[in-house]
Amino acid sequence: MSQEKQKSVLITGCSTGFGRLTAQALATAGHRVFATMRAPGGKNAEHAASLTSWAEREGLALEVLALDVTSEASIAAAVARVEESAGGVDVVVNNAGVAGLGLTESYTTGQLRQLFEVNVFGVQSVCRAVLPGMRARGSGLLVFISSGLGRIVMPCMGVYVASKFALEALAETYAYELKPVGVDVTIIQPGTYPTGIGANMASWAPAEPERAGGYGAASELPAQLQQGIMSVLATDNPPDPTDVSSAILDVVARDAGARPRRVVVDKLTGGAVEALNQAAATVQGQVFSAMGLGALLPD
Numbered sequence: 128m129s130q131e132k133q134k135s136v137l138i139t140g141c142s143t144g145f146g147r148l149t150a151q152a153l154a155t156a157g158h159r160v161f162a163t164m165r166a167p168g169g170k171n172a173e174h175a176a177s178l179t180s181w182a183e184r185e186g187l188a189l190e191v192l193a194l195d196v197t198s199e200a201s202i203a204a205a206v207a208r209v210e211e212s213a214g215g216v217d218v219v220v221n222n223a224g225v226a227g228l229g230l231t232e233s234y235t236t237g238q239l240r241q242l243f244e245v246n247v248f249g250v251q252s253v254c255r256a257v258l259p260g261m262r263a264r265g266s267g268l269l270v271f272i273s274s275g276l277g278r279i280v281m282p283c284m285g286v287y288v289a290s291k292f293a294l295e296a297l298a299e300t301y302a303y304e305l306k307p308v309g310v311d312v313t314i315i316q317p318g319t320y321p322t323g324i325g326a327n328m329a330s331w332a333p334a335e336p337e338r339a340g341g342y343g344a345a346s347e348l349p350a351q352l353q354q355g356i357m358s359v360l361a362t363d364n365p366p367d368p369t370d371v372s373s374a375i376l377d378v379v380a381r382d383a384g385a386r387p388r389r390v391v392v393d394k395l396t397g398g399a400v401e402a403l404n405q406a407a408a409t410v411q412g413q414v415f416s417a418m419g420l421g422a423l424l425p426d
């Protein structure tokens with residue numbers, strides 16, 4: 128890959144799942160990747176070591192950095208390292224996220240706040256850290272890993288769905304505001320994939336499950352939903368999570384200004400998310416045109 132096409136890419140949440148796969152895909156394609164995760168010298172030491180070893184064996188430009196999206200000091204240190212080493216951050220993949228499954232009332236307000244710290248507020252902190260450099264250069268790409276559940280509401284995933292709806296709004300607003308300064312925004316909307324989601328949801332179980340006792344038959348909904356998710360992933364031909372990393376690779380490779388606003392990566396919902404995206408885009412277009420904001424819409 129020529130230096131003109133090579134990008135310096137910072138990815139959050141690279142210990143496992145989409146983050147790790149995306150780091151490997153982009154590094155393999157010739158980009159300079161800064162794969163970040165919490166505590167690479169602590170709880171994620173094994174993940175960090177294996178990713179570093181893989182890159183060294185393959186002779187690829189991938190460096191593992193510590194980054195906790197809930198710590199602005201940690202974010203600043205990671206971004207400073209990329210700027211010092213690569214001269215700037217060309218692409219950010221906002222991937223770090225957590226999920227929870229349970230009746231919404233069973234989650235405390237504190238738990239909801241903690242989940243938003245990772246899924247929404249942490250994303251804002253990362254964007255604020257990299258955007259001054261991108262704006263100064265007049266180029267850059269922000270990729271937001273959302274979900275089909277940023278469009279479709281499911282029972283017993285209210286805390287997660289609420290955070291993804293918020294992320295969708297945040298990312299789309301950035302897209303409008305950053306278009307005049309040359310920074311692209313793409314929202315990736317994955318479906319259900321085997322990325323350790325079961326363990327993730329288990330670690331974010333409701334703090335007050337006893338509240339489900341007053342819900343009657345509805346108290347069984349969380350278990351039913353989890354069983355449904357696991358059955359999708361336990362088939363002989365489960366969804367391949369590299370579909371998502373491949374989609375991100377394609378977005379990064381596209382010319383500036385020609386990147387899509389949203390990319391759905393989901394073979395299970397039969398076009399439902401695409402239909403919602405199109406309906407929303409139509410309404411946005413009508414409202415923006417009426418308000419004289421048509422120039423901010425996607426080309």
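Just so you know, we're using my numbering here: the sequence shown kicks off at 128 and counts up by one.
Virtual Cβ for every residue (Gly too), placed ideally from N, Cα, C.
In this structure, ILE279 and ALA399 form a Cβ contact; the two beta carbons are roughly 7 Å apart against a cut-off of 8 Å. Residue pairing from DSSP leaves GLY275 without any beta-bridge partner. Listed as beta-bridge partners of GLY267 by DSSP are VAL310. For the options THR149, LEU276, PRO321 and PRO333, the alpha carbon positioned closest to that of ASP363 is the one of PRO321. For LEU153, there is no enclosing beta strand (DSSP E); the residue is part of the alpha helix (DSSP H) that begins and ends at 144 to 155.
In the structure shown, MET281 falls within a coil segment according to DSSP collapsed to helix, strand and coil. Of the candidates GLN411, LEU294, ALA380 and GLN351, the residue whose Cα lies closest to the Cα of GLY157 is ALA380. Comparing C-alpha distances from GLY343 to each of LEU230, PHE271, LEU268 and GLU401 shows the shortest one belongs to LEU230. DSSP places LEU137 in the uninterrupted beta strand (DSSP E) bounded by 135 to 138.
Contact between the stretch 293 to 310 and the stretch 331 to 341 is absent: fewer than three C-beta pairs spanning the two stretches fall below 8 Å.
Inter-segment contact for the stretch 187 to 201 and the stretch 304 to 319 is absent: fewer than three beta-carbon pairs are separated by less than 8 Å. The DSSP assignment places complete alpha helix (DSSP H) segments of no fewer than 4 residues inside the stretch 334 to 384 at 348 to 360 and 369 to 380, in order along the chain. In this structure, ASN221 lies near PHE271, with their beta-carbon atoms less than 8 Å apart. Residue range 172 to 185 is occupied by the alpha helix (DSSP H) that includes LEU178. In the three-state reduction of the DSSP assignment, THR322 falls in the coil class, being assigned neither a helical nor a strand state.
Shown here for GLY140: same chain residues with a beta carbon closer than 6 Å to its own, the five before and five after excluded, namely GLY146, ASN222 and ALA223 in chain order.
Residue pairing of ALA162 in beta bridges, as defined by DSSP: ILE138 and VAL191. If you compare the alpha carbons of SER274, THR409 and VAL257 with that of SER266, the shortest gap goes to VAL257. Counting only runs of at least 3 residues, the stretch 200 to 267 fully encloses the following beta strand (DSSP E) elements, listed from N- to C-terminal order: 218 to 221.
Leaving aside the five residues that flank PRO282 on each side, the residues in its chain whose CB is nearer than 6 Å to its CB run, in chain order, LEU348. The count of Cβ pairs closer than 8 Å, one atom from the stretch 233 to 245 and one from the stretch 172 to 190, stays below three, leaving the stretches out of contact. Per DSSP, the unbroken beta strand (DSSP E) holding VAL391 starts and ends at 389 to 392.
In the DSSP assignment, VAL414 falls within the alpha helix (DSSP H) that extends over 399 to 417. Excluding the 5 residues flanking it on each side, GLY214 has same chain C-beta neighbours closer than 8 Å at SER135, in chain order. For ALA350, the closest alpha carbon among the candidates GLN405, MET284, SER273 and ASP382 is that of MET284. The bridge partners DSSP lists for PRO317 are VAL392.
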